[in-house]
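Asks:
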Amino acid sequence: MIKAVIVMNTQGKPRLSKFYDFLPVEKQHEAIRNVFTVLCSRPEHVSNFVDAESFFGPDSRLVYKHFATLYFVFIFDSSENELAMLDLIQVFVETLDKCFRNVCELDVVFNYSKMHTILDEIIFGGQVLETSSSEVMKAIEEISRLEASSNAINLVPKSVSGWRSR
Amino acid sequence: MAGSSIMENLFQRTLDDLIKGMRLQLIGESAFISKATAEIRREIKSTDHHTKSTALQKLSYLSALHAVDMSWASFHVVEVMSSPRFAHKRIGYHAASHSFNHHTPVLLLITNQLRKDLSSHNEFEVSLALNCLSRIATLDLARDLTPEVFKLLSTARVFVRKKAIALVLRLFDIYPDSVRVCFKRLVENLESSDPQILTAVIGVFCELSNKDPRSYLPLAPEFYRILVDSRNNWVLIKVLKIFARLAPLEPRLAKRIVEPVCEHMRRSGAKSLIVECVRTVMASLGDYESAVKLAVSKVRELLVDEDPNLRYLGLQVLLVAAPKHLWAVLENKEAVIKSLSDEDFNIKIESLRLLMAMVSESNVAEISRVLLNYALKSDPEFCNEILGSVLSTCRRNVYEIVVDFDWYVSLLGEMSTIPNCQKGEEIETQLIDIGMRVKDARLQLVRVGRDLLIDPALLGNEHLHRILCAAAWVAGEYVEFASNPFEVIDAILQPRTSLLPPSIRAVYINSALKILMFYLDGYLLHNEGSSSSYSGNLVGGQPGLFTVKKHTEAPKLATQEGSNSNLEQDEDFNPRNATESSESEDLSVENVTDRDVRHGQAFTPPNTLAKKNFTHESVVSLLNRIEVIFGPLTANQDVEVLERARNILAFVQLFKGEMIDNPVQNVGIMDVDKKDTRVSAIIKSMRDAFTMELGPISTNAQGRVSVPDGLVLKENLDDLQAICGDIELPSSSLFCIGGPHLTTTSDGSSSNLQNEEQGPLNESTSLIEHRKRHGLYYLSSEKSEIVSDVYPPANDPKANNNINDEAAELAKLTEQSLLLKKKTNQTKPRPVVVKLDDGDVAPISVKMPEPGDDPLSGTIKEVLGSETMPSSSRSKPSDKSSRKRREKKKSSTDVPSEMKENLGDAEKHDLENPNLSSKNHGHSKERRQRGKEKIVEGEEHDQKGKKKSSHRHGRRKTHQRANSPLNVVSQTPVIPDFLL
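Structure below.
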């Protein structure tokens, strides 16, 4: 079971955070800060695991990956394999890359809801549902199309169209 | 109205605008956010859906990334969720899953919306609803929406089905009754050929089996099939996790899965899968030698990999293996030792743990030595990790692995002098604990204590204060072992002790009192002894012994004075120790004084200084010094310090009065009896009080103290929390006297004296009080136990051993230790360690969760029809049937998969028991009445059952029987045939 997914930049600003068990936002932010203080103190080229039990309770593991200016952090329990989680981060990043063409921090910043959509396709309620980035992309494209079509009507506000049709 | 709406729409800032604005803002982030929130509050009230949803989107962004409260907007969330447009709905659902929790009042309002969306034709809408439900489901929502989710479990739309499957986990958790409805469908999905579905459903079972693995044993054939057939690493990892939990429950299952697991290990190139296989083997298949060997060879590959992640996991897996397969660790010891100097903290820690796992009584000294050297070189954090693990390993099970306590005590002393040491508290505890438990170690303890006390530099390091506290206590309590009490009291009186916190100063003062008593006692005896008034008490041989020593040792001691431990003294003390231990069972006052006499002589002759110490002047100067040093403390703010200081000063004054009026030296032999009686009586009774031995206490000693009549004890002390929640409980441990077997109640005369003279004595007073009141016990905090006469065997056969140490040197040591292991004869007998009968640990009332306790697993078992299952594997009917099965198996020809066949047999077995199955029918009917869904299922099942035939039939049916709620729940033991 995955407990949380956090994306933050190397200054510790959260860019995306999703906790699969309810946690008040203040606690979420505290946890993110704690994770950041640990991550930024770790040298390069060491293992990608951090002891997370002090922040997230017993049976918590944490893996992270560092891409350019971003940390991708997954917190999970003993039902997940650590290396598989690292692969999952890879899948997530790959998908972002496909979606935004050479993803950079700005894409992550400005596409808050798309990020969530992508993540929701990969992880559902803490469980890994999809591990192929092309499958995820398919779903994302569908959703974007659907959204665009529903928004297209929106160009003429409802009140106006209602008035016209009268 | 329309106009305002357009305007709102046109001029509203979108989320992108908000983000841009935030990046460019000059007014400070929090000001910007509060402005934006105010704007959102206005916009969100708009009647226009678009405006409203955009506002909500901004709000949930701010809430997620900037911790803005959005609980006030929950009704707006519901409104946006119900928007017909997908884009709005998505925003609404996202906001709901982000901000709702089971306290949110509007949850009641969304049931219908969710139901509508769950049955929508648009699979993305369904997906939104599922996703939201997975996050916010409550008992009510789960109960109301289970039928919808149930339908989705068999939908043809994979995109939706996989999410519905994943959601089932959550439903089961919240609303266990949903198991009756959904479980069968869930199990059917195990047979799906779609990899996405399989990933989802295996994921669910992996989570479920985490809680109560036994319930899922009947599904083992399905999992086995997936283990063998699947090539998807994600799925395989999860299946392995499930088997790792099931295998320990059913040995036959373990036997079946060994081969496929090994096959995956050999075949797979995916490290994640290999790691998982290795882990499964180490954790659950440890009995299969070949599998373990293969796993260890894989671990070796991991350990030398370039990737630190693999090295880390390799070490971790090795640690799992360590208790059962120490050889695996040994084989890789070089890699383990090398990892100790890895730049990665994680890896260092793991290798440290592995090293500690290898520790045994034969190599603990070498390993500790190496680690301590290592600790000196490493950064403070790791240094303390090392110290902590050495301490906890050695302490484990009442110092089980420590044979040579002199060594261990010196090690503790050495640890205290490591600059980064922050383990003061643990070392303190152990020093005192060893003092109370191990009589033979007291000599060394006092020496180590003296070295610590004497070093003025240590007083400046606050991490060491706790250790100094223990050292002072030890020096006071076991002062009779001190080679030179004068020196110790000097150390305790040094001016820099003012750096200590009051609680520790208090211990210092008390120790000073104890030493002073001992000293004065010795002084009196010395004088009497010199006038040979006491020589009658001395055994003839002893004076001779010491006088011989006197000549030979005096010069050596003079040169070595001040150095830590001198062997000469050892020799000096050994004979005494020997006699003492023989006497130790019977600690009469006679013996104590006797011992003291010998002591007084033991140290006076060799040390020329000491001789001087026993002069009248030295005593007076000591008393004066105590007055000077402790005088100012009578105005101390800390009550403990204040009281103890006053006590000792009062005593000093009393004694000084006597002494000065009546300088002993000038008094003739005749007068000693007369004049000195009062002083010596006081001193003697004080000594008596102090020589009462302290011992460890059982954690449940309190239970043995009977509650006096009429005393009403409050059962529930919860409200204490409110009163003194902030107060930290003192971790100081309390000591008890003697042990039950000593049953030392202070005799009347001495207690009278104590009352008179020692009334004003602080800590000792309280102790005396206690001794009087309870006779036996004191309540300890954690570390205590009850003294018993049961001593641990010196050699624990269980302890395996091995070593490592630095690089090659380490490797050598390892071999040595291995040799040692073979011999296991010890040159030095392990000293007696006092252990308590009723365990070393506080009674742990771990309630093992009864499988049936949990409503979820209860329901699942019921559904699986496996109430009888776990026990059945051992029960007679199953034996019978398994014999049958075996016969069948022999005769059967066409069976590539035994499992299928076996299940078929089970089915047949079922048929052979018509009574039982008819009973089951009744049972299932009963159930049908309970839920509508079930009827449908039951019919389905019947039809299926009819269709199938032969093996296939059997398999199918058992399967259903096992899984569906309605199915004829066979009361015949569902025989785990597959396990054969």
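Residue numbers (full-length UniProt numbering), protein chains in the order written: chain H, 1 to 166; chain S, 1 to 980.
Note that the Cβ used here is the ideal one computed from N, Cα and C, for glycine as well.
Quick caveat: nothing in here was measured; it's all calculated off a predicted structure.
(1) Roughly how far, in whole angstroms, is the beta-carbon of Ile257(S) from the beta-carbon of Ala270(S), given that I think they are within contact range, below 8 Å?
(2) Does the region 260–269 of chain S come close enough to the region 300–309 of chain S to have 3 or more Cβ pairs within less than 8 Å?
(3) What residues from the region 153–169 of chain S come within 8 Å of chain H, judged by C-beta to C-beta, listed N to C?
(4) Starting from Asp51(H) and walking both ways along the beta strand (DSSP E), at which residues does that stretch end?
(5) How far does the alpha helix (DSSP H) with Val5(H) in it extend, from its first residue to its last?
(6) Is DSSP giving Pro14(H) helix, strand or coil here?
(7) With 8 Å set as the bound, which would you pick, yes or no: does the beta-carbon of Ala200(S) sit closer than that to a beta-carbon of chain H?
(8) Would Ser99(S) and Gly92(S) be called neighbours here (beta carbons separated by less than 8 Å)?
(9) Residues in the region 224–257 of chain S with C-beta within 7 Å of chain H's C-beta atoms, listed in sequence order?
(10) For the pair the region 133–142 of chain H and the region 102–121 of chain S, tell me if three or more CB-CB distances fall below 8 Å.
(11) Under 7 Å Cβ-Cβ, which residues of chain S neighbour Ile143(H)?
(12) Check distances from the C-beta atoms of the region 271–284 of chain S to those of chain H and list, in chain order, the residues that come in under 7 Å.
(13) Going residue by residue through the region 61–127 of chain S, where are the continuous alpha helix (DSSP H) segments of at least 4 residues, counting only ones entirely within it?
(14) Which residues, in chain order, does the region 19–38 of chain S contribute to contact with chain H at a C-beta distance below 9 Å?
(15) Using DSSP bridges, identify the partner residues of Tyr523(S).
(16) What did DSSP end up calling Val278(S) once you bin it into helix, strand or coil?
(17) Give the DSSP-derived three-state secondary structure of Gln422(S) in the structure shown.
(18) I need the DSSP call for Val128(H), collapsed to helix, strand or coil.
(19) In chain H, what lies closer than 8 Å to Gln196(S) by C-beta?
(20) Does the region 227–245 of chain S come into contact with the region 271–285 of chain S, if we say contact requires no fewer than three beta-carbon pairs (one atom in each stretch) closer than 8 Å?
(21) Please go through the same chain and pick out, in chain order, the residues whose beta-carbon is closer than 7 Å to the beta-carbon of Cys206(S), but skip the five residues on each side of it.
(22) Hey, quick one: how far does the alpha helix (DSSP H) through Lys241(S) stretch, first residue to last?
(23) What does the Cβ neighbour count give for Cys99(H), buried or exposed, with the cut at 16 atoms within 10 Å?
(24) Would a check of beta-carbon distances place Ser63(S) closer than 8 Å to chain H?
(25) Can you grab the Cα-Cα spacing for the pair Val63(H) / Leu86(H), in whole Å?
(26) Does DSSP put Val73(H) in a helix, a strand or coil?
(27) Taking CB distances under 8 Å as the criterion, tell me whether Glu640(S) reaches chain A.
(28) Taking C-alpha atoms, which residue in Thr429(S), Leu459(S), Leu412(S) lies nearest to Val447(S)?
(29) Quick one: complete alpha helix (DSSP H) runs, 4+ long, within the region 439–483 of chain S?
(30) Expressed to the nearest angstrom, what Euclidean distance is found between the alpha-carbon atoms of Tyr523(S) and Ser498(S)?
(31) Classify Lys22(H) as helix, strand or coil using the three-state DSSP reduction.
(32) With H, G and I counted as helix, E and B as strand and the rest as coil, what does DSSP make of Tyr216(S)?
(33) Run the CB neighbour count on Thr429(S), radius 10 Å, all protein chains shown included, and call it buried at 16 or more, exposed below.
(34) Go ahead and label Gly703(S) buried or exposed: buried means 16 or more other beta carbons lie within 10 angstroms of its beta carbon, across all protein chains shown.
(35) Does the CB of His66(H) have a neighbour CB from chain S at under 8 Å?
(36) Assign Pro221(S) to buried or exposed, taking buried as 16 or more other Cβ atoms, counted over all protein chains shown, within 10 Å of its Cβ.
Replies: So, from the listed chains and residues:
(1) As a working note, residue 257(S) is residue 257 in the second sequence. As a working note, residue 270(S) is residue 270 in the second sequence. Contact check for Ile257(S) and Ala270(S): beta-carbon distance about 19 Å, past the 8 Å limit, so the pair fails to qualify.
(2) Contact between the region 260–269 of chain S and the region 300–309 of chain S is absent: fewer than 3 CB-CB pairs across the two stretches fall below 8 Å.
(3) Residues of the region 153–169 of chain S with a Cβ closer than 8 Å to any Cβ of chain H, in chain order: Phe159, Lys162, Lys163, Ala166, Leu167, Leu169.
(4) Position 51 of the first sequence, counted from the start, is the residue given in the question as residue 51(H). Asp51(H) -> beta strand (DSSP E) spans 49–51.
(5) As a working note, residue 5(H) is residue 5 in the first sequence. Val5(H) -> not in any alpha helix (DSSP H); beta strand (DSSP E) instead, spanning 2–9.
(6) Numbered from 1 along the first sequence, position 14 holds the residue referred to as residue 14(H). Three-state result, Pro14(H): strand.
(7) Walking along the second sequence from the start, residue 200(S) turns up at place 200. Under the 8 Å criterion on CB atoms, Ala200(S) is classed as interfacial with respect to chain H.
(8) Numbered from its first residue, the second sequence carries residue 99(S) at position 99. Numbered from its first residue, the second sequence carries residue 92(S) at position 92. For Ser99(S) and Gly92(S), no; Cβs fall outside 8 Å.
(9) Listed in sequence order: Trp234, Ile237, Lys241.
(10) The region 133–142 of chain H vs the region 102–121 of chain S: no contact.
(11) Within the first sequence, the letter at position 143 stands for residue 143(H). Scanning chain S for C-beta atoms nearer than 7 Å to the C-beta of Ile143(H) yields Phe124, reported in chain order.
(12) So the close ones are Lys271, Ser272, Val275, Glu276.
(13) Taking only runs of at least 4 residues, the alpha helix (DSSP H) segments lying wholly in the region 61–127 of chain S are 74–81, 86–99, 111–118.
(14) Residues of the region 19–38 of chain S whose Cβ lies closer than 9 Å to any Cβ of chain H, in chain order: Ile19, Lys20, Arg23.
(15) Residue mapping note: residue 523(S) aligns to position 523 of the second sequence, counting from 1. According to the DSSP secondary-structure assignment, Tyr523(S) is paired through a beta bridge with no residue.
(16) Reading the second sequence from its first residue, position 278 is the one you call residue 278(S). Taken through DSSP and simplified to helix, strand or coil, Val278(S) comes out as helix.
(17) Within the second sequence, the letter at position 422 stands for residue 422(S). Of the three classes helix, strand and coil, the one that applies to Gln422(S) here is coil, per DSSP.
(18) As a first step, residue 128(H) is located in the first sequence; it is residue number 128 there, counting from the start. Here Val128(H) sits in strand by DSSP.
(19) The residue given as residue 196(S) occupies position 196 in the second sequence. Simply Leu129, Glu130, Glu135.
(20) Touching, yes.
(21) Residue mapping note: residue 206(S) aligns to position 206 of the second sequence, counting from 1. Counting only Cβ-Cβ distances below 7 Å, and skipping sequence neighbours, we find Lys238, Lys241, Ile242.
(22) As a first step, residue 241(S) is located in the second sequence; it is residue number 241 there, counting from the start. First-last of the alpha helix (DSSP H) with Lys241(S): 233–246.
(23) As a working mapping, residue 99(H) is identified with position 99 in the first sequence. Burial call: buried.
(24) Stepping through the second sequence from its first residue, residue 63(S) is reached at position 63. Contact of Ser63(S) with chain H is assigned, a C-beta pair being separated by under 8 Å.
(25) Residue mapping note: residue 63(H) aligns to position 63 of the first sequence, counting from 1. Residue mapping note: residue 86(H) aligns to position 86 of the first sequence, counting from 1. Whole-angstrom Cα-Cα distance: 7 Å.
(26) In the first sequence, the residue the question calls residue 73(H) occupies position 73. Correct three-state label for Val73(H): strand.
(27) In summary, chain A is missing from the structure at hand, where the protein chains are H and S.
(28) Translated into positions along the second sequence, residue 447(S) becomes position 447. Looking at the sequence itself, residue 447(S) is Arg, so the reference to Val does not match. Comparing Cα positions, the closest option is Leu412(S).
(29) Restricted to the region 439–483 of chain S, the alpha helix (DSSP H) segments that are unbroken, complete and at least 4 residues in length are 442–454, 465–477, listed in chain order.
(30) Counting from one through the second sequence, the residue named residue 523(S) turns up at place 523. Counting from one through the second sequence, the residue named residue 498(S) turns up at place 498. If you take the alpha carbons of Tyr523(S) and Ser498(S), they lie about 29 Å apart.
(31) What you label residue 22(H) is simply residue 22 of the first sequence in a count that begins at 1. Reading off the sequence, residue 22(H) comes out as Phe, not Lys. Note: Phe22(H) maps to coil in three-state DSSP.
(32) The count along the second sequence starts at 1 and reaches residue 216(S) at position 216. It is helical.
(33) As a first step, residue 429(S) is located in the second sequence; it is residue number 429 there, counting from the start. Burial of Thr429(S) is indicated by the presence of at least 16 other C-beta atoms within 10 angstroms of its C-beta.
(34) For this step, residue 703(S) is matched to residue 703 along the second sequence. Around the CB of Gly703(S), fewer than 16 other CB atoms lie within 10 Å, so the residue is classed as exposed.
(35) Within the first sequence, the letter at position 66 stands for residue 66(H). Not one chain S Cβ lies under 8 Å of His66(H).
(36) Numbered from its first residue, the second sequence carries residue 221(S) at position 221. Pro221(S) counts as buried, since no fewer than 16 other beta carbons sit within 10 angstroms of its beta carbon.
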